[in-house]
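Chains as they are written, first to last, in the numbering used here: chain V, 1 to 424; chain R, 1001 to 1297. Below is one structure, written out as structure tokens, with a few remarks after it.
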């Protein structure tokens, strides 16, 4: 138990960091080999466009297709053959790529971008209108709608529906995971104490309710600690790994994409820097302190609500395999809540979102999705009020079932029986 | 001096009466037996004494005071369904349980050292409980029960799960604890131990106490006027009924039952006239017989 906890605490951030950095690392790997492409250009007009660079080497040959194929049957350097049979202005399907393997998308996009761009310019030139190229360039539009949220005090904030969605869903999922994982841990702990028969020894020293609450609070603290460590360790690790691998990746890929952009449009773009600034301004539009505080409150409320019920289930059964019958009614609303959260994210002020953020069994998860979009204070107050009253209620109920259940051995418990225990 | 008083305790579980107006008093520095068939209500009574369950009515007092947390701390309780955290180390766990009973860490360590040496189980300190056999775990449990030097010890079926050697060890320890001033209540099915250990008993059957008192008195009251006579020759008489007679190495062993209410001396006088009498002994019924006879429907 102890060992596995330590392992889990330290390995999970490694896993997360790996999930973040490994794709970046893989992305940096694939550009290392030079791609050798033969070109058979029957029109003889594209040699000046397809220039070799660090990644792609274009080799213009004048042979039949079959000859190239036979010559390079065993040549590992050979990547692909580009065959252009006709003027692409007239016949846009006149270019074909042959390869022994599946042609990768990047190569195909690269060549088709270059050729399309060239043909586009040729066509424009054919109109014989001075400055047409410039006019077309100017007429290009990239509409990016900025969303701005009005504050209470009339201040404008740059908002982002996408970012709100991401923040909401992440916090909802984390709360969902924690309730399921740590709720199950509470239940397993109670079952373990019962099956190992330690429980009666302990409750001759402490009250059953104290024992139950001790277990619930203890595991909540473990959960919060573990969560904090995950956040801290994951960010440290992914920063560290990112800075080791990162330099190469960022410079290469960014430079390359900029190069291509330059080639295409004839001027450098500042998308990378611009979007980062944009993201920063959007992030500052969210009140992270508020969201974090409500995250902790809803996490604790939801956890307390469910954990006490899980403890009651654990106390009523004789072994872990018997828990299913009673834990199903507990896991169903949690699973329902996560689906409600996904739908609520699309319409955070709709009736489903409103009701599910009030019902205590779903509110800790659904409200997290709504919060980044902004929720009226009175709704939060009602939702929290109901949640607090409910977890006091479930804890009280669970306490009654628990104190009878833990001393009941070798009896197949039914729902009717549980109802009876409630009224002792 | 009375240590524990249970007065008119009633406990009802949905639709079934577990304890019906049960009262008993346990004198200080004695061993008290709680007997009864399975499901009679012994464990419920023990749990009420330990404040694990609350009675519907009635009262339990320790040293004349109503049970509170402070009073419960003076009890050492070994439940029938007993166990330990399997993944925890023996020493660590014993310390934890002792501290739960209000002992300081130092005191607990000192006491544990004493008991572990006494039972010669120091080598188990760093073992996990799951590595111990059932009997070994029971020893550890016994130690954790008595460690905080409680005034009152309650053992529910203490000898179940022990082999005869360890059961005997436990018996001796219980006697020693009594000699050192503790008061002990235990429930058992083993009537032999009751005769060996208990001064007083209560026999619980179907939620009621059906027999209560001093073991010697109870046995005397249940006397069936049966006597065992060892003599040179066979005996006969009108005042008694011959139950059985055997001869071994020239000695006759005869079991007789007195027919009248005359004194034992009168009976003996009649026998002495017939032959040489080696022994004349009243056969008191065992607790086993009394138990079966009392509980029989």
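Positions of the beta carbon are idealized from the N, C-alpha and C atoms, including for glycine. In this text, all values refer to a predicted model and were calculated from it rather than measured experimentally.
ask   = Whose C-beta lies closer than 8 Å to the C-beta of residue 367 of chain V among residues of the same chain, with five residues either side of it excluded?
value = In the first chain, counting from the first residue as 1, residue 367 of chain V sits at position 367. If we look at residue 367 of chain V and ignore the five residues flanking it on each side, its Cβ neighbours are 294, 298, 357, 375, 380 and 383.
inquiry  = What would DSSP say about residue 336 of chain V, mapped onto helix, strand or coil?
reply    = Residue mapping note: residue 336 of chain V aligns to position 336 of the first chain, counting from 1. DSSP places residue 336 of chain V in helix when its eight states are reduced to three.
inquiry  = With a threshold of 6 Å on Cβ separation, who are the neighbours of residue 1014 of chain R within its own chain once the five nearest residues in sequence on each side are excluded?
reply    = Here residue 1014 of chain R corresponds to residue number 14 of the second chain, with the count starting at 1. Contacts found: none.
Helix, strand or coil at residue 61 of chain V [DSSP, three-state] = Position 61 of the first chain, counted from the start, is the residue given in the question as residue 61 of chain V. In this structure, residue 61 of chain V counts as strand in the three-state DSSP scheme.
Residue 41 of chain V classed as buried or exposed, judged by whether at least 16 other C-beta atoms fall within 10 angstroms = If you number the first chain from 1, residue 41 of chain V lands on position 41. That one is buried.
ask   = Is the beta carbon of residue 198 of chain V less than 9 Å from the beta carbon of residue 364 of chain V?
value = Residue 198 of chain V sits at position 198 when you count from the first residue of the first chain. Residue 364 of chain V sits at position 364 when you count from the first residue of the first chain. No; because the gap between Cβ atoms is not below 9 Å, this pair is not in contact.
query = Closest by CA to residue 1088 of chain R, which one among R:1031, R:1140 and R:1189?
reply = Residue numbering aside, residue 1088 of chain R sits at position 88 when the second chain is read from its first letter. Measuring from the Cα of residue 1088 of chain R, the nearest candidate turns out to be R:1140.
query = Going along chain R, which residues have a C-beta under 9 Å from residue 409 of chain V?
reply = For the purposes of this step, residue 409 of chain V is identified with residue 409 of the first chain, where counting begins at 1. Residues of chain R passing the Cβ test: 1081.
inquiry  = Looking at the strands, I want to know which residues DSSP matches up with residue 1230 of chain R.
reply    = What you label residue 1230 of chain R is simply residue 230 of the second chain in a count that begins at 1. Answer by DSSP bridge pairing, in chain order: R:1253 and R:1279.
Spatial distance of residue 101 of chain V from residue 140 of chain V (CA atoms) = If you number the first chain from 1, residue 101 of chain V lands on position 101. If you number the first chain from 1, residue 140 of chain V lands on position 140. Distance between the alpha carbons of residue 101 of chain V and residue 140 of chain V is about 37 Å.
Contact set for residue 1009 of chain R: own chain, Cβ-Cβ below 8 Å, skip 5 residues either direction = The count along the second chain starts at 1 and reaches residue 1009 of chain R at position 9. Contacts found: 1019, 1021, 1022, 1023, 1045, 1048, 1055, 1057, 1058, 1059 and 1060.
inquiry  = By alpha-carbon positions, which one of R:1249, R:1263 and R:1271 ends up nearest to residue 1255 of chain R?
reply    = Within the second chain, the letter at position 255 stands for residue 1255 of chain R. Out of R:1249, R:1263 and R:1271, R:1271 has the C-alpha closest to the C-alpha of residue 1255 of chain R.
task = Work out the CA separation of residue 1097 of chain R and residue 1105 of chain R for me, nearest whole Å.
result = The residue given as residue 1105 of chain R occupies position 105 in the second chain. The residue given as residue 1097 of chain R occupies position 97 in the second chain. For residue 1105 of chain R and residue 1097 of chain R, the distance between alpha carbons rounds to 11 Å.
task = May I ask which residues mark the beginning and end of the alpha helix (DSSP H) holding residue 393 of chain V?
result = For the purposes of this step, residue 393 of chain V is taken as the residue at position 393 of the first chain. That run of the alpha helix (DSSP H) goes 377-405.
message = If you follow the alpha helix (DSSP H) that residue 1093 of chain R is in, where does it begin and where does it stop?
response = The residue you call residue 1093 of chain R lines up with position 93 of the second chain. Residues 1090-1100.
ask   = Are the C-beta atoms of residue 205 of chain V and some chain R residue less than 9 Å apart?
value = Along the first chain, one-based indexing puts residue 205 of chain V at 205. So, interface residue.
Residue 196 of chain V: contacting residues in chain R (beta-carbon distance under 8 Å) = Along the first chain, read from residue 1 onward, the residue named residue 196 of chain V stands at position 196. Within 8 Å Cβ-Cβ: 1083, 1084, 1085 and 1086.
ask   = Within 9 Å (strictly less), CB to CB, does residue 333 of chain V reach chain R?
value = For the purposes of this step, residue 333 of chain V is taken as the residue at position 333 of the first chain. Not an interface residue.
query = Buried or exposed: residue 1278 of chain R, going by 16 or more other Cβ atoms within 10 Å of its Cβ?
reply = Along the second chain, read from residue 1 onward, the residue named residue 1278 of chain R stands at position 278. So residue 1278 of chain R ends up on the exposed side.
request  = Please say whether residue 200 of chain V and residue 1079 of chain R have beta carbons closer to each other than 9 Å?
outcome  = Position 79 of the second chain, counted from the start, is the residue given in the question as residue 1079 of chain R. Position 200 of the first chain, counted from the start, is the residue given in the question as residue 200 of chain V. Their beta carbons are under 9 Å apart, which means residue 1079 of chain R touches residue 200 of chain V by this criterion.
query = residue 273 of chain V: buried (16+ other C-beta within 10 angstroms of its C-beta) or exposed?
reply = Locating residue 273 of chain V in the first chain gives position 273, where the first residue counts as 1. Only weak support is given to the placement of residue 273 of chain V: the predicted model assigns it a pLDDT of 49, under 50, and the value that follows is read from those uncertain coordinates. Residue 273 of chain V comes out exposed.
ask   = Using the rule of at least 16 other Cβ atoms within 10 Å of the residue's Cβ for burial, across every protein chain shown, is residue 328 of chain V buried or exposed?
value = Residue 328 of chain V sits at position 328 when you count from the first residue of the first chain. With fewer than 16 other Cβ atoms from the protein chains shown falling within 10 Å of its own Cβ, residue 328 of chain V counts as exposed.
task = Taking residue 1033 of chain R and residue 1186 of chain R to be in contact with their CB atoms under 8 Å, please state how far apart those CB atoms are, rounded to whole angstroms.
result = For the purposes of this step, residue 1033 of chain R is taken as the residue at position 33 of the second chain. For the purposes of this step, residue 1186 of chain R is taken as the residue at position 186 of the second chain. The C-beta distance from residue 1033 of chain R to residue 1186 of chain R rounds to 6 Å, short enough to meet the 8 Å contact threshold.
query = Which residue comes first and which comes last in the beta strand (DSSP E) that contains residue 1076 of chain R?
reply = By one-based count along the second chain, residue 1076 of chain R stands at place 76. 1075-1078 is the extent of the beta strand (DSSP E) around residue 1076 of chain R.
query = Helix, strand or coil for residue 204 of chain V per DSSP?
reply = The count along the first chain starts at 1 and reaches residue 204 of chain V at position 204. Three-state result, residue 204 of chain V: coil.
key: Best match in V:99, V:370 and V:136 for proximity to residue 117 of chain V [C-alpha to C-alpha]   = Working through the first chain from its first residue, we reach residue 117 of chain V at position 117. Comparing Cα-Cα distances from residue 117 of chain V to each of V:99, V:370 and V:136, the minimum goes to V:136.
ask   = Quick one: is residue 1011 of chain R buried, meaning 16 or more other Cβ sit within 10 Å of its Cβ, or exposed?
value = Here residue 1011 of chain R corresponds to residue number 11 of the second chain, with the count starting at 1. A residue is called buried once 16 or more other Cβ atoms fall within 10 Å of its Cβ, and residue 1011 of chain R is buried on that count.
query = For residue 1203 of chain R versus residue 1184 of chain R, is the C-beta distance shorter than 9 Å?
reply = Numbered from 1 along the second chain, position 203 holds the residue referred to as residue 1203 of chain R. Numbered from 1 along the second chain, position 184 holds the residue referred to as residue 1184 of chain R. Going by C-beta atoms, residue 1203 of chain R is not nearer than 9 Å to residue 1184 of chain R.
inquiry  = For a minimum of 3 consecutive residues, which ranges assigned as the beta strand (DSSP E) are wholly contained in the stretch 1183-1214 of chain R?
reply    = 1183-1188, 1200-1205 and 1208-1214
ask   = Residues in its own chain within less than 7 Å of residue 1075 of chain R by CB, not counting five upstream and five downstream?
value = As a working note, residue 1075 of chain R is residue 75 in the second chain. Around residue 1075 of chain R: 1050, 1150, 1152 and 1154.
query = Under a CB-based cut-off of 9 Å, is residue 215 of chain V close to chain R?
reply = In the first chain, counting from the first residue as 1, residue 215 of chain V sits at position 215. No, because no Cβ of chain R sits closer than 9 Å to the Cβ of residue 215 of chain V.
ask   = In chain R, which residues lie less than 9 Å from residue 434 of chain V when you measure between Cβ atoms?
value = Nothing can be reported for residue 434 of chain V, as the shown portion of chain V is limited to 1 through 424.
Unbroken beta strand (DSSP E) run spanning residue 1062 of chain R, endpoints = To locate residue 1062 of chain R, count along the second chain from 1; it is residue 62. Here the beta strand (DSSP E) through residue 1062 of chain R covers 1057-1062.
request  = Measure the alpha-carbon distance for residue 1004 of chain R versus residue 1069 of chain R and round it to whole angstroms.
outcome  = Position 4 of the second chain holds residue 1004 of chain R. Position 69 of the second chain holds residue 1069 of chain R. If you take the alpha carbons of residue 1004 of chain R and residue 1069 of chain R, they lie about 15 Å apart.
ask   = Helix, strand or coil: how does DSSP classify residue 79 of chain V here?
value = For the purposes of this step, residue 79 of chain V is identified with residue 79 of the first chain, where counting begins at 1. The answer is strand: DSSP assigns residue 79 of chain V an E or B state.
C-beta atoms of residue 372 of chain V and residue 163 of chain V nearer than 9 Å = As a first step, residue 372 of chain V is located in the first chain; it is residue number 372 there, counting from the start. As a first step, residue 163 of chain V is located in the first chain; it is residue number 163 there, counting from the start. Cβ atoms of residue 372 of chain V and residue 163 of chain V: closer than 9 Å.
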